[in-house]
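The block underneath contains the structure these notes are about, expressed in structure tokens.
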Amino acid sequence: MTSTVDSPRPQGEISDPSSRLPPAFLDATAWKELRTGGDNNDIAAAWLRLQCALTRGVSQAVVVLGLGGQGPYSPAANWPEGTRPSPELIQLAEIGMAERRSIARRDEASACCYLAVPLVFDGQLHGVAALQIELQEQNQLSASLRLLEWGVGQLQVALQRQSNEQGDTLEQDLRRVLANAVACLESDSVAAASSVLVHRLQSEFGAARVMLGQFDGEQVRVTALSGASQVNLKANIVQQIAAAMTEAVDQSHTVRVPAAELERPVIQRAHEELTSGEGYPSMCTVVVRNEGLVTGALTLEREEAFEEEEALQLEQVAAICGPVLEMKRLNDRSLSAVAADRGRGLIQAFFGPRHAALKLTVLVLIALSLGLTLIQGEYRIRAPATLEGALERVVTAPFASYVSTASVRAGDRVAAGDRMAALEVKEVRLDLTRWLSQRAQSERQYLEAVARKERAATQIFKAQMDQADAQIELLYQQVARSQIAAPFAGLVVSGDLSRSIGEPVERGQVLFKLAPIDKYRIALNVDERDVSELEVGQSGELVLASRPGERLAFRVERITPVASASEGVNSFRIEAELLDSGVDLRPGMSGTGKIVVGERSLAWMWTHRMFQWMRLMIWRWMP
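FYI, the working numbering numbers position 247 of the sequence shown as 258, with every residue one higher than the one before it.
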């Protein structure tokens, strides 16, 4: 179902803080083509690009041109470029040309509307401009029609300049409007842009006073006053001007005092009170918009009455400069204001009738956050681990000698009593022979002394015999200990004498290191950030690099109190008892161990490291 509506002026609307000037609206090429285009088609195309950038929700647009009053009429420009307008849009354009009036038609089923404004000047029909708009706001239709009517005026100016009928005067008007927009763009802030605009308009229109106000949704606040560096909001005249601006904004209509006889009647009580009191005899207030939304008002005062053409020029200035001022205002906001505006925009979008995808995303994020906070999981501390023998024993050289033979080396398994190596005993045997000979001699002398009944000699020779016996016993022990045997069944952890045959060894020198094969312990290097969570008796699991499919259970037995540094990281040695011996385990195997600490929320497990770092950094940088 479609319906045709009139074209009333749009009602005052609350400024959208998130609105901004469309980048396409600042296209320098389009503005240049509009001002200096080669033919009517180029001018129409440039104008259509700017108009669609300025109007919200445009999906299709067309400009139809022809010889004034004669035709034929044909499309001169389409938007988007390279597309063909829909039949509904062409039909409405034909109706607009036939009736020579602005038409707005709403399609209730598709929530689209179609706008058409004819190009009529010098009493002749030169074409029509038509737009297809996706409705987003309740008052968007009337605001967009008003903006299109103004834009068609601009197109008319450009086409008339091209035909040299009224080119000089109209071109000056257009350049003046564009110069005001450029001056605002070149300003550093919204305050500077507002001041530049009111002073330029004061000079161009011969006004005694020019004021610019910003609409906050309820009333207008005067932000710039010609001839004044600052605005005293409490001054009576400023309050009266603000009331007059609010009056025009509430009606979303230009107010002129005195008004023309045939002009549409509007409420102008506040304007009349100002002109009859402290103001000047003549006033003109135009509404400032950005993308169809009211953002403020512009008021001029002077002795002479404002003509309709001047009011139209002021509307053009407001339409061009409104987006620029709003862009400047948004850029001047503080970070807190930007965050607040974004937050309000998100809240409005979330609780509004549209943005289903945004709502779904927010709900999913909220549900995910609650789930991560409420769901508990098993928190485990991860650390590199090494497998060690529960008991390690070293085998040392019993005396200084030379390596004779070597039967085993690191990695070999040995049984209790198995020979591991042998030391050279040639010198020991020579010493043994010498002492045996010396004892025999002392024994013979002892017997002779006994036979002669020489008491003193007997005691001397007896002592020599005892000394020789002691030395002989020691040498026999060395010969026996020259055979290095395994003290128990286990695995040779370190020691390889196969390449040291004939080399000397000192007494007490470590030859082999032995570990049992039936009992192991685990050494874990835990980061200092996690050691506070550990306690003796906690359980865990070990996965070795050589056996990734097997989990070995262990229990924490000891936490060393001293940290060690490795690769720039401080860690504590944690010793744990291996509860599952498994099969084919060897000391020295490495892997990863995980110690079970307790239940924690998923959110805490994923974020506690970050919060620890943040607290440390804050403490470090605090005075």
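We put the CB at the ideal spot given by N, CA and C, even for glycine. As the structure is a computational prediction, the values presented were derived from the model and not from experiment.
Counting along the chain, where does the alpha helix (DSSP H) carrying THR286 start and finish? Against the sequence shown, residue 286 aligns to sequence position 275. Element bounds for THR286: 280 to 287.
GLU337 and ARG67 closer than 8 Å at C-beta: As a position in the sequence shown, residue 337 is number 326, starting the count at 1. As a position in the sequence shown, residue 67 is number 56, starting the count at 1. Not a contact, by the Cβ cut-off of 8 Å.
May I ask you to list the residues that DSSP assigns as paired with GLU145? As a working mapping, residue 145 is identified with position 134 in the sequence shown. According to DSSP, GLU145 bridges with CYS123.
Buried or exposed for PRO634, going by 16 or more other Cβ atoms inside 10 Å? By 1-based counting over the sequence shown, the position of residue 634 is 623. By the beta-carbon neighbour count (other beta carbons within 10 angstroms, threshold 16), PRO634 is exposed.
Could you check what DSSP says for ILE606 in three-state terms: helix, strand or coil? Start at 1 with the first residue of the sequence shown, and residue 606 comes out as number 595. In the structure shown, ILE606 adopts extended strand secondary structure according to DSSP, grouped into three states.
With a threshold of 8 Å on Cβ separation, who are the neighbours of GLN549 within its own chain once the five nearest residues in sequence on each side are excluded? Along the sequence shown, read from residue 1 onward, the residue named residue 549 stands at position 538. Counting only Cβ-Cβ distances below 8 Å, and skipping sequence neighbours, we find ARG566, VAL567, ILE606, VAL607, VAL608.
Is it right to say ARG518 is buried, meaning 16 or more other beta carbons lie within 10 angstroms of its own, or is it exposed? Numbered from 1 along the sequence shown, position 507 holds the residue referred to as residue 518. Within 10 angstroms of the beta-carbon of ARG518 lie fewer than 16 other beta-carbons, which makes it exposed.
Segment contact flag, the stretch 52 to 71 with the stretch 82 to 100, C-beta cutoff 8 Å, min 3 pairs: Output reads yes: the stretch 82 to 100 touches the stretch 52 to 71.
Using a Cβ-Cβ cut-off of 7 Å (strictly less than) and excluding sequence neighbours within five positions of ALA564, which residues of its own chain qualify? The residue you call residue 564 lines up with position 553 of the sequence shown. Here the set comprises SER550, GLU552, LEU590, ASP591.
Roughly how far, in whole angstroms, is the beta-carbon of SER418 from the beta-carbon of MET431, given that I think they are within contact range, below 8 Å? Numbered from its first residue, the sequence shown carries residue 418 at position 407. Numbered from its first residue, the sequence shown carries residue 431 at position 420. About 6 Å separates the beta carbon of SER418 from that of MET431, a gap short enough to meet the 8 Å contact definition.
What does GLU389 pair with, by DSSP beta-bridge criteria? On the sequence shown, residue 389 is found 378 positions in, with the first residue counted as 1. According to DSSP, which records beta bridges pairwise, GLU389 is partnered with GLU610.
Checking the sheet assignment: what are the DSSP bridge partners for ALA417? Within the sequence shown, the letter at position 406 stands for residue 417. DSSP links ALA417 through a beta bridge to ALA432.
What would DSSP say about THR94, mapped onto helix, strand or coil? Residue 94 sits at position 83 when you count from the first residue of the sequence shown. Here THR94 sits in coil by DSSP.
With respect to the beta strand (DSSP E) encompassing GLU588, which residues constitute its N-terminal and C-terminal limits? Position 577 of the sequence shown, counting from 1, holds the residue named residue 588. In this chain, the beta strand (DSSP E) harbouring GLU588 covers 580 to 589.
Cut-off 8 Å between Cβ atoms - residues of its own chain near ARG626, not counting five sequence neighbours on either side: Within the sequence shown, residue 626 is the residue found at index 615, counting from 1. Same-chain partners within the cutoff: there are none.
Going by the beta-carbon positions, is the gap between GLY599 and THR397 smaller than 8 Å? Translated into positions along the sequence shown, residue 599 becomes position 588. Translated into positions along the sequence shown, residue 397 becomes position 386. Annotated as proximal: GLY599 and THR397, with beta-carbon spacing under 8 Å.
Can the beta-carbon of VAL221 be found closer than 8 Å to that of MET256? Numbered from its first residue, the sequence shown carries residue 221 at position 210. Numbered from its first residue, the sequence shown carries residue 256 at position 245. Contact check for VAL221 against MET256 fails: the beta carbons are separated by 8 Å or more.
For a quick check, are the C-beta atoms of VAL503 and LEU525 less than 8 Å apart? If you number the sequence shown from 1, residue 503 lands on position 492. If you number the sequence shown from 1, residue 525 lands on position 514. Cβ atoms of VAL503 and LEU525: closer than 8 Å.
Given ALA72, which residues of its chain have a CB within under 6 Å of its CB, disregarding the five upstream and five downstream residues? Here residue 72 refers to the residue found at position 61 when the sequence shown is read from its first residue. Once the five neighbours on either side are set aside, the close Cβ partners of ALA72 are LEU59, CYS63, TRP90, LEU142.
For ALA190, is the classification buried or exposed, using 16 other Cβ atoms within 10 angstroms of its Cβ as the cut-off for buried? In the sequence shown, counting from the first residue as 1, residue 190 sits at position 179. By the neighbour-count rule (16 or more Cβ atoms within 10 Å), ALA190 is not buried but exposed.
Residue nearest to ALA270 in terms of C-alpha spacing, selected from GLU320, TRP446, ALA587, GLU403: Here residue 270 refers to the residue found at position 259 of the sequence shown. Closest option to ALA270, Cα to Cα, is GLU320.
According to DSSP, which residues form a beta bridge with SER636? An answer regarding residue 636 cannot be provided, because it is not within the stretch 12 to 634 covered by the chain.
Can you find at least 3 beta carbon pairs, one from the stretch 123 to 142 and one from the stretch 103 to 111, that sit closer than 8 Å? Three or more beta-carbon pairs drawn from the stretch 123 to 142 and the stretch 103 to 111 are found closer than 8 Å, and the two stretches are therefore classed as touching.
How is HIS264 classed by DSSP in three states: helix, strand or coil? For the purposes of this step, residue 264 is identified with residue 253 of the sequence shown, where counting begins at 1. Correct three-state label for HIS264: coil.
Under 8 Å, with one C-beta from each stretch per pair, do the stretch 410 to 429 and the stretch 573 to 587 reach the 3-pair mark? Verdict: no, contact absent.
With three or more C-beta pairs closer than 8 Å as the rule, is the stretch 408 to 416 touching the stretch 453 to 465? Because the criterion of three Cβ pairs below 8 Å is not met, the stretch 453 to 465 and the stretch 408 to 416 do not touch.
For VAL419, verify whether its CB is less than 7 Å away from any heavy atom of the ligand SAH. This structure lacks the ligand SAH, and indeed carries no ligand of any kind.
Terminal residues of the alpha helix (DSSP H) in which GLN482 lies: The residue you call residue 482 lines up with position 471 of the sequence shown. Here the alpha helix (DSSP H) through GLN482 covers 466 to 492.
One question on the structure: do GLU160 and VAL209 come within less than 8 Å of each other, judged by their Cβ atoms? Working through the sequence shown from its first residue, we reach residue 160 at position 149. Working through the sequence shown from its first residue, we reach residue 209 at position 198. It is not a contact, given that the beta carbons lie outside the stated cut-off.
Outcome for LEU371 when other beta-carbon atoms lying within 10 angstroms are tallied against a minimum of 16: Taking the first residue of the sequence shown as 1, we reach residue 371 at position 360. Under the 10 Å beta carbon count, LEU371 is surrounded by fewer than 16 other beta carbons and is classified as exposed.
Between which two residues does the beta strand (DSSP E) containing ASP538 stretch? The count along the sequence shown starts at 1 and reaches residue 538 at position 527. Unbroken beta strand (DSSP E) run through ASP538: 531 to 538.
Figure out for me which residue from GLY400, VAL305, GLY228, GLU403 has the closest Cα to the Cα of SER263. Numbered from its first residue, the sequence shown carries residue 263 at position 252. It is VAL305 whose Cα lies nearest to the Cα of SER263.
Of the residues LEU103, LEU65, GLY513, ALA218, which one's Cα is nearest the Cα of GLN151? Counting from 1 along the sequence shown, the entry for residue 151 is found at position 140. Considering only alpha carbons, the answer is LEU65.
Answer yes or no: do ILE9 and LEU545 have a C-beta to C-beta separation smaller than 8 Å? Residue 9 falls outside the range modelled here, since the chain spans only 12 to 634, and no answer is possible.
Cutting at 7 Å between CB atoms, please list the residues of its own chain near VAL277, excluding the five before and the five after it. Residue mapping note: residue 277 aligns to position 266 of the sequence shown, counting from 1. Answer for VAL277: GLN262, HIS264, VAL266, listed in chain order.
Could you check what DSSP says for SER214 in three-state terms: helix, strand or coil? On the sequence shown, residue 214 is found 203 positions in, with the first residue counted as 1. Of the three classes helix, strand and coil, the one that applies to SER214 here is helix, per DSSP.
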